[in-house]
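Participant:
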Amino acid sequence: MAAALGAAGGSLAGRCAYAASAASRVGGRRGSSTRIATARSAQLSVAATSAEDATYRVMSQNQEVSVVAVVGTRLVSDAASRHQTAPTATAALGRSMIAALLLGTFKGDDETVQINFKGDGPLGQITVISDNTGQVKGMVSNPNADPPLRPDGKLNVGAAVGRGILTVSRAHPDWKAPFTGMVNITTGEIAEDIAVYLQESEQVNSAIAVGVSIDRGMDVRSAGGYMVQVLPFASDETIAALERTISSLPSTTDMIADGVTAQEIAEKVLGELGTLSEVAVSSAPRYGPCDIKDLRGRMMRALASMGRAEVESIIEEQGQVEVTCEFCKDTVVFTQDELLAAKDGI
Numbered sequence: 033m034a035a036a037l038g039a040a041g042g043s044l045a046g047r048c049a050y051a052a053s054a055a056s057r058v059g060g061r062r063g064s065s066t067r068i069a070t071a072r073s074a075q076l077s078v079a080a081t082s083a084e085d086a087t088y089r090v091m092s093q094n095q096e097v098s099v100v101a102v103v104g105t106r107l108v109s110d111a112a113s114r115h116q117t118a119p120t121a122t123a124a125l126g127r128s129m130i131a132a133l134l135l136g137t138f139k140g141d142d143e144t145v146q147i148n149f150k151g152d153g154p155l156g157q158i159t160v161i162s163d164n165t166g167q168v169k170g171m172v173s174n175p176n177a178d179p180p181l182r183p184d185g186k187l188n189v190g191a192a193v194g195r196g197i198l199t200v201s202r203a204h205p206d207w208k209a210p211f212t213g214m215v216n217i218t219t220g221e222i223a224e225d226i227a228v229y230l231q232e233s234e235q236v237n238s239a240i241a242v243g244v245s246i247d248r249g250m251d252v253r254s255a256g257g258y259m260v261q262v263l264p265f266a267s268d269e270t271i272a273a274l275e276r277t278i279s280s281l282p283s284t285t286d287m288i289a290d291g292v293t294a295q296e297i298a299e300k301v302l303g304e305l306g307t308l309s310e311v312a313v314s315s316a317p318r319y320g321p322c323d324i325k326d327l328r329g330r331m332m333r334a335l336a337s338m339g340r341a342e343v344e345s346i347i348e349e350q351g352q353v354e355v356t357c358e359f360c361k362d363t364v365v366f367t368q369d370e371l372l373a374a375k376d377g378i
């Protein structure tokens with residue numbers, strides 16, 4: 033389907049893509065498929081049984097397969113609260129954030145990954161940025177996008193995203209330019225499209241599953257995913273073992289809602305291949321960076337770059353300025369004294 037995995041890998045990639053599509057049913061396995069309203073509470077609320085947020089990477093004992101697993105329920109709930117997203121927008125943004133963590137965490141120091149879905153659906157554009165430490169932030173053009181449910185009762189993320197272009201950029205301060213790959217959006221369901229990107233732009237044999245489940249109270253029930261990367265020298269026996277294991281797994285969101293941790297998800301994915309625990313690494317994903325001091329500094333520099341006349345006009349007309357970060361939704365208020373200081377610095 034979305035990506036090939038060795039000679040026998042098509043069905044494995046397809047299974048992972050399916051897991052992502054199935055994960056965002058309203059209410060999950062215990063909920064209702066009835067269409068729900070788009071209003072959200074700003075209060076961050078997640079299922080009490082959901083596993084703690086974590087990112088975990090480990091290799092199989094034969095060192096032929098690498099797995100990264102993410103639990104990001106609180107992370108996605110935080111994003112939904114910041115952006116006041118409707119259920120389908122929450123699922124699309126959350127899936128994209130989990131995908132960015134899978135692609136970006138544990139990479140080289142100071143390396144960042146930016147994922148951009150520019151589709152023709154009502155959601156508009158999704159932009160997500162992650163770094164190697166597990167920080168990730170994102171935004172959508174239309175947080176109220178919430179098309180009708182699919183016939184099977186699942187949130188219609190594909191319709192919300194639509195067709196268009198997926199762009200993935202990897203950047204590092206020491207690189208002359210970012211590495212950027214572009215592919216057509218094939219389904220809009222996020223996981224399938226990321227799998228196509230990895231195959232076509234990075235030539236990586238991989239399979240990816242991401243999911244967000246929304247409960248009947250419109251809170252994030254569970255969110256997470258995993259990415260399997262098979263090394264070029266992997267045997268047919270290894271690929272067959274992965275096929276058997278992944279085909280028997282419950283959905284990622286159901287596992288997370290039942291308290292399964294990121295480490296346990298990785299172990300379940302590898303199954304009989306076992307894990308090489310001595311090379312395992314983990315981190316705690318978090319929304320950001322959204323440091324208010326850094327935000328003030330960047331916004332003050334932006335004000336200073338506007339020109340003396342424009343700053344003087346703002347002082348005369350408004351007396352103060354409120355500037356909101358579109359990623360963090362944090363608002364910084366600059367007083368008249370601060371604007372005068374910015375003017376004097378021009």
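Under my numbering, the sequence shown has 283 at position 251, and the numbering climbs by one with no breaks.
Each residue gets a CB set at the ideal place from its N, CA and C atoms; glycine is no exception.
(1) In whole angstroms, give me the CA-to-CA distance for residue 291 and residue 282.
(2) In whole angstroms, what is the alpha-carbon distance linking residue 240 and residue 84?
(3) Could you give the distance in angstroms between the alpha-carbon of residue 265 and the alpha-carbon of residue 94?
(4) Which one of 91, 86 and 118 has the shortest CA to CA distance from residue 247?
(5) How long is the line joining the alpha carbons of residue 146 and residue 162, rounded to whole angstroms?
(6) Kindly indicate the opening and closing residues of the alpha helix (DSSP H) around residue 222.
(7) Is residue 129 near residue 170, with beta carbons less than 8 Å apart?
(8) Less than 8 Å between C-beta atoms, sequence neighbours within five positions excluded: which residues of the same chain meet that for residue 273?
(9) Enumerate in chain order the residues of its own chain whose CB-to-CB distance from residue 312 is below 6 Å, with the five nearest sequence positions on each side excluded.
(10) Using 8 Å as the threshold, is the region 199-209 in touch with the region 177-184, meaning 3 or more CB pairs across them?
(11) Taking the alpha carbon of residue 124 as the reference point, which residue from 108, 218 and 114 has its own alpha carbon closest?
(12) So, is residue 329 buried or exposed, given that buried needs 16 or more other C-beta atoms within 10 angstroms?
(13) Leaving aside the five residues before and after residue 149 along the sequence, list all residues of the same chain whose C-beta is less than 6 Å from its C-beta, in chain order.
(14) Starting from residue 354, follow its DSSP beta bridges and name the residues at the other end.
(15) Quick one: give me the first and last residue of the alpha helix (DSSP H) that residue 157 is part of.
(16) Could you spell out the range, first to last residue, of the alpha helix (DSSP H) harbouring residue 111?
(17) Please classify residue 195: does DSSP put it in a helix, a strand, or coil?
(18) Going by C-alpha to C-alpha distance, which of 143, 231 and 348 sits closest to residue 209?
(19) With a floor of 3 residues, list each beta strand (DSSP E) that falls wholly inside the region 221-305, ordered by position along the chain.
(20) Nearest by alpha-carbon distance to residue 296: which of 103, 326 and 206 is it?
(21) For residue 63, which residues from the same chain have a beta carbon less than 6 Å from its beta carbon, with the 5 sequence-adjacent residues on both sides left out?
Facilitator: For this structure:
(1) Whole-angstrom Cα-Cα distance: 13 Å.
(2) 21 Å
(3) 11 Å
(4) 118
(5) Annotation: residue 146 to residue 162 spans about 7 Å, alpha carbon to alpha carbon.
(6) Per DSSP, residue 222 belongs to no alpha helix (DSSP H) and is neither H nor E.
(7) yes
(8) 303, 304 and 305
(9) 90
(10) Between the region 199-209 and the region 177-184, the count of C-beta pairs closer than 8 Å stays below three; the two stretches do not touch.
(11) 108
(12) exposed
(13) 158, 193 and 198
(14) 365
(15) Where residue 157 is concerned, there is no enclosing alpha helix (DSSP H), although the beta strand (DSSP E) it sits in stretches over 157-163.
(16) 105-115
(17) coil
(18) 143
(19) 238-246 and 252-262
(20) 103
(21) Low confidence applies here, because residue 63 scores a pLDDT of 30, under 50, leaving its location unreliable and the question unanswered by this model.
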